[in-house]
Each structure stands twice: as C-alpha cells, then as structure tokens.
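The structure appears below as structure tokens.
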Amino acid sequence: MTASDQADPVYPVPQRLLGPGVPKPHIASLDEYKKLWEESVNEPEKFFGKLGNELLTWSKPFTQVKSGSLEQGDVAWFLDGELNASYNCVDRHALAHPDRVAIIHEGDEPGNVVKITYRQLLQEVSRLANVLLSLDVRKGDNVCIYMPMIPEAVYAMLACTRIGALHSVVFAGFSSDSLRDRILDCSAHVVLTADEGRRGGKNIATKRIVDAAVKESPCVDHVLVCRRTGSEVPWTAPRDKWWHEEIAKFRPYCPPVSVNAEDPMFLLYTSGSTGTPKGVMHTTAGYLLGAAATQKYVFDYHAEAGDVHACMADIGWITGHTYIVYGPLLNGATTVLFESTPTYPNPSRFWEVVQKHKITQLYTAPTAIRALRRLGNKWLEGYDLSSLRIIASVGEPINPEAWEWYNEQVGKNQCAVIDTYWQTETGSHILTPLPCVVPTKPGSATFPFFGVKTAILDPVTGKELEGNDVTGVLAISQSWPSMARTVYNNHYRYLDTYLNPYPGFYFTGDGATRDADGYYWIRGRVDDVINVSGHRLSTAEIESALILHHAVAEAAVVGGQDELTGQCIHAFCTLKPNVDANEGLEKELTLQVRKVIGPFATPKRIYVVGDLPKTRSGKIMRRILRKIVNGESDSLGDISTLADPSVVQSLIDKVKQ
Ligand code: WTA
C-alpha cells in the first residue's frame, strides 16, 4: 500500500498568512515556487549566481558558480570567490543596524534573559578571535567546542570562522570517550568549554568531562574555560585558561580573514552504518548560501517586521549550526538561544518563551511535540501564542497525530506547519513545504527546496522510479550548494557512503514514497542508523560500546518503535564463557553505553541471552531481532536458514518478560 491509498487530508495555507497584518511572503504562490524550483535545477548557475550575490557579501566576487560532479565526488560552488562567514553573519549587520538584537539568550532559569546586539556580537566574536590567534590557531586549524547553550558557544563558532579555522562542535551530551575520539580524529589543539552546564535546574560537569577526554588527547595544548555556574572545577595550568581573563587582554576588533568559497568551514561528527563516527566537512560559501536561503524562504523570515526566530535544538547538532547560528545571523535576524528543556520548570516553558519574546518562527522536534502533547493541553492555557506564524519540526518523521496537535494547539490553525527533512550532510533543508504557498499533508515533508533535484530509486537496481506513486530510496541527482564535500581525512568513506552506492546520485540512506500528488513521505533509514528522539545513532557504535564490557561476547542492537522517542534502542548480548548473568549486569551494560557514547544513547531494553539468531556462516540476523522487539514475531519469514532455529522462541520469550 502506498501513502496515496489512504486519502491523506490536505491542509490549505491558512488565510491569515496571506495578510493583511502579516509580512508579505517572500514567495507568493505555488506557481512561483514551481517556476523558481525548475529554474534552480535546470539553470543552477543563473539561479544560485543571483542568490549568492543577493544573500552573501563577497570580498572577491565569484565568476564561476558550479563545478565538479556527483560522479567524480569533486563538487564545488563559487570556486573563485572569497568571503568570510563571520563577516557575513556579524559585521555587515553591525554596520547596518548595530542596535538590533542578534541573540536572545533564554537561560535555564525562567527570567534569566540576556540580549546581545549585533554591535556587541562583533565585539565579543572579535575578542575571542584574537584570543584564538594568541593560542596559535590559524586558518585551516581545527578547534573543538564542547559547550552548553550559552552565547559564548555562538561566539566560539563565529570566532573560529572569523580567522578561517574550522570548528568541530561536539554535543555536550556526549561522554568523555566520545569527545576524546572526536578531538583525536581531527587533531584539535584547542578546546573551548565551560566550567559547568546548566539544564533543567541541574548542573552538568562539563569541564570534568573535557578533562577526562583531554587527558587522553596529547594533541590538545589549550583548554579555554568559560565561567557559567562559578562552581569550583579542577584546573591544569598552564593548559587551562579562563575565558574572561583571556578576552580581557584583547581589543574588540579582529579583521576577518577572507577564505576561498571552497575552504572548509566546519566539521560535524555524525553516526553512520559503521562503528566510528565520521567528520562531515562543510565548505564555506555553499553551506552559507544554503543556510541563508532556507532560513529566509522556509521560515519566511522578515527582519524588517521584527521577526524573532527560535530554534530549540542544541548547537551540537546540525540543526543548531544552521538554524540557531548561521541561517538567522546571515539574514540579520534575532535568534533565540534556549538553554533549558521544554518541561523546566514545567511543561509551559516553550509557551512562556514564545509569549515573552513574541516569537514568530518556532522550530522543534517531533519528540518534544509528542511529549508535550501527552502532558495535556492545560499547559498551553492562558499563553498568548498569536505572534507565531511558522511552526516547524525536524529530525524524524512527524506522525499525523503530533502534527495535528501542533497545528491546532500551538498554531491555533493559523500557522504554517513546516515538516523539514534534511541531514547533517545536506547542510540545510532538502524537502520542506514553503509556508504561505504549499498545502500540507500531515506527515509529509512535501516538496524539494530550490536546487534539490530529488529522485526515488529502486533500492536493488538503482534505477530511477519515474512518475508518482512510487516507493524506494531517496536520492538527489545533482549537486546543490550546501552539500557536504567530504569526510575529514576519509574521502573514500564519503564516496562509499553517499556517492558510490548509486553512481550519479547522492544517497540519503532514507526510504521514501512520492505519492500520487507528488508529495514526498520519508519512511525512515534503510541502513543501520537509528533515530532516538531525533538523535542519530549507529547500531554498530552501540554494539562496539557493549562489547567493551568484560562480560560481553557478542552484541546486536536494533531499533524498536516507541511512542515518545520515535525509535528506541534494544540491545541483545551474549556473555563470554564462564561469566554468569548477575543481577546488576543489565544496569552495568546500560552504564557502559552511557559512558562510551553518552546518556542520550541509553538503551531502553538490554536482554542478556544465551544465543543470537545467526546464519550458518555466523552472520547475525538483525532483521529477526527487529521483528521480535516490534511485536511482529508472527511474520518472521523463513528461519530455517538459521544455524539454530530454536533460538528464536527463547528470544521471543525473553523479550516478552
Ligand atoms: C531523519 C537532522 C523524517 C532522517 C537535521 C535523516 C527526518 C536523519 C526528518 C538525519 C523529517 C530528519 N522527516 N525523517 N522531517 N528530518 N530526519 O543528520 O532519517 O541528525 O536521514 O540531521 O534524520 O539526521 P541528522
């Protein structure tokens, strides 16, 4: 059955968005979107040449728009142009409207709000850039950022790009082992961090985690520590330096370094099918253009109307990079940096923040929407959410129930509900409705963004499935500006993962349907990646963490369905000979995963079992485990090829316990 058989409801664009009383949309009609999209994929040089000059400021203009190909893996955009990311995000706005608020920091405790203007942003970023220079950071160097959601984290990213250094932001929920691996992979010699983080009323031992990671990272010479809570932290001199002491030494201006359009801008590690995370590398101009264009068009952002853009993600993920920092700041926006959680001190927090800052664009994840929906509508009562125009979601498929709740309870049926599909590797949105013009279907990310030529391929033959009403794997048939260019120090892995599986295409790793009306529906990953609350994890990574435990012989991890988190982790482990399953073992194994990866990777269930389902050649049949945990044991298919088919029943019994 395909999606179109279900007669999905279609929601027209709410009349309110077409005015009066709201800014005139950047894109006025569905026809205009279609016309521009056609131009963007048929004449990308013309389309992006114009957009590149409109949205970005260049220190040296480009003459060539697009080069290279997906076949060759040598994609490049704006090849001979030069620019600086930090200048584009900060200076040009500080010059034009210095007193406009760039960042609203909504601290963990309600009422703890700090507003930073573009003028201040330029000073803070410059000071820090000067500090980095004093620590011998130069163009092309990698700097690791492991920080809570405080303005200094944004300064850190912009200070790196100001001097042409690459930032590698590591989500501050990662364990010290994960942080160490990411520091070592890119040989960062400077780490920027804070004494502690603060989230949901609790302190997080950020510096201690960094200490443990750096102890095993001989490449690190300097750790710059921002004071967030003021708690005492261990100190290693002269390696550790206080942020406030260092910035006080430098003047609040640092000239931006012009870089080539294709100079690398940042690394962001992400999980793939294999055990080791890969450092996805984005380059400068293409990434910036994707970020600016989508923030402008997908969020229909209007700076002149005083719009306030709030992306509730963490800067440690691509969503935070593109839609808290780069996209909004490129367009001179006011962006909200939210340090807390949707439920602290109570589940009205988002709505209190929306009301207080008169937020116009709200961007969050389906998992948060589901959790808030479950807690009940009373938490929204009495809050004025009328400033909202665009309410968006990202990270995983949004189920229609959650979509409708978001639309009715948060958007009051007066907002555009925007389900954005994209990836760390795509840099910016790939499939998304444009607000004000695209009628939506709950659960569908609708249509491709400008420049993205999507294709549905037969997963086996790789043949493109033409026309509508087709299901297969989602691919993209020509390069677009913000696509990742390589995996750090591992170009063959880049080719192997994205470009070689289906020659001539970028392979997303997701299954998808294009329904009878041409709407796209993402069906989830077709590889060994699982998505827990929008956090992307590889099953192999979790398995490797488990087998580091002395008792474990083998581990097999699969994704189960979960009402709240989308997917959840089920781990099956067999033990080494002569090891007994003591009572605390499952807990120990859980801690093991938390220690090696981080708390967000906590398995929902761990089963210590006698054996795993294996073929006669010893391959673990994860497909069978997946069915068992998802209550589909009656459709396991042919299990006679297993070395020992009797394991299956014992596994079914174990899971039921
Ligand atoms: C999934 C997050 C369905 C998808 C920006 C993708 C989605 C992976 C959606 C990338 C969506 C993201 N609908 N699935 N709207 N958005 N995904 O790299 O499986 O953390 O491949 O980037 O999340 O996760 P990543």
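Just so you know, this note's numbering puts 271 at position 59 of the sequence shown, and the rest follows in order with no gaps.
Heads up, the beta-carbon is just placed ideally off N, CA and C, and yes, glycines get one too.
For clarity, every value in this text was computed on a predicted model and none was experimentally measured.
If one requires a minimum length of 3 residues, the beta strand (DSSP E) runs lying completely within the region 740 to 783 are 741 to 744, 747 to 750, 764 to 774, in chain order. Nearest C-alpha to V629 among T673, T636, L574, K675: L574.
A distance of 7 Å or more separates the beta carbons of S750 and G528.
With fewer than 16 other Cβ atoms inside 10 Å of its own Cβ, A517 counts as exposed.
Counting along the chain, no alpha helix (DSSP H) covers D631; the unbroken beta strand (DSSP E) around it starts and ends at 628 to 632. N296 sits in coil when the DSSP states are folded into three classes, being neither helix nor strand.
Cβ contact annotation for H514 (same chain, cutoff 7 Å, sequence separation greater than five): P235, in chain order.
Spanning the alpha carbons of K351 and L345 requires a straight line of approximately 10 Å. For Y535, there is no enclosing beta strand (DSSP E), as DSSP gives it neither H nor E. In terms of side-chain proximity, the C-beta atom of W634 is found nearer than 6 Å to a non-hydrogen atom of the ligand WTA. Here the alpha carbons of D850 and E800 stand approximately 35 Å from one another.
The ligand WTA has a heavy atom closer than 6 Å to the beta-carbon of V606.
Under DSSP, P476 forms a beta bridge with T495. Just so you know, the alpha carbons of H533 and S852 end up roughly 49 Å apart. For G684, DSSP records a beta bridge to A724.
Relative to the ligand WTA, the nearest heavy atom lies less than 6 Å away from the CB of A657. For E318, no alpha helix (DSSP H) encloses it; the enclosing beta strand (DSSP E) starts and ends at 313 to 318. If you draw a straight line from the Cα of G319 to the Cα of S298, it comes to about 24 Å.
Taking each of A604, V492, N712 in turn and checking the Cα distance to R697, the smallest one comes out for V492. In this model, D631 and D722 are separated by some 16 Å (Cα to Cα). In this structure, DSSP gives Y700 a state outside helix and strand, which the three-state scheme calls coil. At a cut-off of 6 Å, the beta-carbon of I362 does not count as near the ligand WTA: no heavy atom of the ligand is closer than that. Taking one beta carbon from each stretch, the region 444 to 460 and the region 709 to 716 have fewer than 3 pairs nearer than 8 Å; the two do not touch.
In this structure, P612 keeps its C-beta atom at 7 Å or more from the C-beta atom of P647.
When C-beta atoms of the region 547 to 560 are compared with those of the region 356 to 365, three or more pairs fall below 8 Å, so the two segments count as touching. Residue environment for R582: buried (at least 16 other C-beta atoms within 10 angstroms of its C-beta). At a cut-off of 3 residues, the continuous stretches assigned as beta strand (DSSP E) that sit fully inside the region 564 to 608 are 573 to 576, 602 to 606. In the three-state DSSP reduction, H401 falls in the coil class, being neither helix nor strand.
P609 has its Cβ nearer than 6 Å to a heavy atom of the ligand WTA. Taking 6 Å as the cut-off, one finds at least one heavy atom of the ligand WTA near enough to the beta carbon of T531.
Residue state for R735 is assigned as strand, using DSSP reduced to three classes. The region 672 to 684 makes no contact with the region 693 to 710: fewer than 3 CB pairs, one atom from each, lie closer than 8 Å. Rounded to the nearest whole angstrom, the CA to CA distance from V841 to K490 is 29 Å.
For L863, no beta strand (DSSP E) segment is defined; the enclosing uninterrupted segment is the alpha helix (DSSP H) at 859 to 868. Residue pairing of R410 in beta bridges, as defined by DSSP: N415.
N254 counts as exposed, since fewer than 16 other beta carbons sit within 10 angstroms of its beta carbon.
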